[in-house]
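Undergrad: In our numbering, the protein residues as written are 1378 to 1520. One structure coming up, written as structure tokens, with questions to follow.
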Amino acid sequence: MLRTLIPLSLALLLIAPALAEKDALRFTDAWTPEAPPGRMMAGFMEIHNTGSEPVAIVDARADGFGHVELHNTTMEDGVMRMRRIDALTIEPGQTLMLEPGGLHVMLIEPQRSFRDGDQIALVLIDDDGREYSLSSEVRPRRR
Ligand SMILES: [Cu+2]
């Protein structure tokens, strides 16, 4: 038994740095404001890049939504507008804030309704095709 355990732990030590580098993004405070049934919703969060390379999120999907886009919000002639963007790029050591009035993940074509306290399973995909899974908590619109 001991003989099999030792090589296994050595193998884990060897692959640990590779895993850490591959998993350089940390997601905190992921949340989604409640919306009337059938309406699109937004995903907000903080994305921390703890790695040594920039990471570009270029695509996303979410359980319960037919379509997901990356959006920014801008003011144009005093009017708030949302625009689709190609990528969310997080530089090494940077924390990118996705927040109301700014960058967000747009959750489109809801296939069911979500209420306060529900968790939305999100997957963000970088330009290497690497997938990052996280959970976004539905919260009341005003808090
Ligand atoms: Cu949007």
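We treat Cβ as the ideally placed atom computed from N, Cα and C, and that holds for glycine. Every value quoted in this text rests on a predicted model; they were computed, and no experiment measured them.
Counting C-beta neighbours from all protein chains within 10 Å, is the total for Ala1395 16 or more, i.e. buried, or is it exposed?
TA: Taking the sequence shown and counting its residues from 1, the one referred to as residue 1395 is at position 18. Annotation note: pLDDT 49 at Ala1395 (below 50); position unreliable, no value reported.
Undergrad: Determine the burial state of Gly1420: buried for a count of at least 16 other Cβ atoms within 10 Å of its Cβ, exposed for fewer.
TA: Counting from 1 along the sequence shown, the entry for residue 1420 is found at position 43. Buried, because 16 or more other Cβ atoms sit within 10 Å of the Cβ of Gly1420.
Undergrad: I'd like the list of long-range same chain contacts for Asn1426, defined as Cβ closer than 7 Å, with 5 residues on each side in sequence excluded.
TA: Walking along the sequence shown from the start, residue 1426 turns up at place 49. Hits under 7 Å: Ala1401, Leu1402, Val1432, Ile1467, Glu1468, Pro1469, Gly1470, Gln1471.
Undergrad: Heavy atom of ligand 1 less than 6 Å from the Cβ of His1448, yes or no?
TA: By one-based count along the sequence shown, residue 1448 stands at place 71. Yes, the Cβ of His1448 comes within 6 Å of a heavy atom of ligand 1.
Undergrad: For Met1483, verify whether its CB is less than 6 Å away from any heavy atom of ligand 1.
TA: For the purposes of this step, residue 1483 is taken as residue 106 along the sequence shown, with counting starting at 1. Yes, ligand 1 has a heavy atom inside 6 Å of this Cβ.
Undergrad: Considering only C-alpha positions, which residue in the set Leu1475, Gly1455, Asp1454 is nearest to Ala1330?
TA: The structure shown has nothing for residue 1330, since the chain only spans 1378 to 1520.
Undergrad: Going by the CB atoms, is the gap between Phe1442 and Ile1330 shorter than 7 Å?
TA: Residue 1330 falls outside the range modelled here, since the chain spans only 1378 to 1520, and no answer is possible.
Undergrad: Measuring alpha carbon to alpha carbon, tell me which of Pro1414, Arg1460, Val1456, Ala1439 ends up nearest Asn1449.
TA: As a first step, residue 1449 is located in the sequence shown; it is residue number 72 there, counting from the start. Nearest option by C-alpha distance: Arg1460.
Undergrad: Which of the three DSSP states, helix, strand or coil, is assigned to Pro1427?
TA: As a working mapping, residue 1427 is identified with position 50 in the sequence shown. Looking at the sequence shown, residue 1427 is not Pro but Thr. If DSSP states are grouped into helix, strand and coil, Thr1427 belongs with coil.
Undergrad: Can you tell me the Cα-Cα spacing of Ala1397 and Asp1495, whole angstroms?
TA: What you label residue 1397 is simply residue 20 of the sequence shown in a count that begins at 1. What you label residue 1495 is simply residue 118 of the sequence shown in a count that begins at 1. Low confidence applies here, because Ala1397 scores a pLDDT of 46, under 50, leaving its location unreliable and the question unanswered by this model.
Undergrad: Buried or exposed for Thr1409, going by 16 or more other Cβ atoms inside 10 Å?
TA: Within the sequence shown, numbered from 1, the residue matching residue 1409 stands at position 32. Per the 10 Å Cβ criterion, buried.
Undergrad: Which of helix, strand or coil does DSSP assign to Gly1478?
TA: Sequence index remark: in the sequence shown, residue 1478 carries index 101 (1-based). Coil at Gly1478, not helix or strand.
Undergrad: Give the secondary structure of Ala1397 by DSSP, where H, G and I count as helix, E and B as strand, and everything else as coil.
TA: Looking up residue 1397 in the sequence shown gives position 20. Any reading at Ala1397 needs caution, since the residue's pLDDT is 46, under 50, leaving its predicted position unreliable; the model's value is listed next. Helix, per DSSP.
Undergrad: Apart from the five residues on each side of it in sequence, which residues of its chain come closer than 8 Å, Cβ to Cβ, to Arg1492?
TA: As a working mapping, residue 1492 is identified with position 115 in the sequence shown. Once the five neighbours on either side are set aside, the close Cβ partners of Arg1492 are Glu1411, Val1515.
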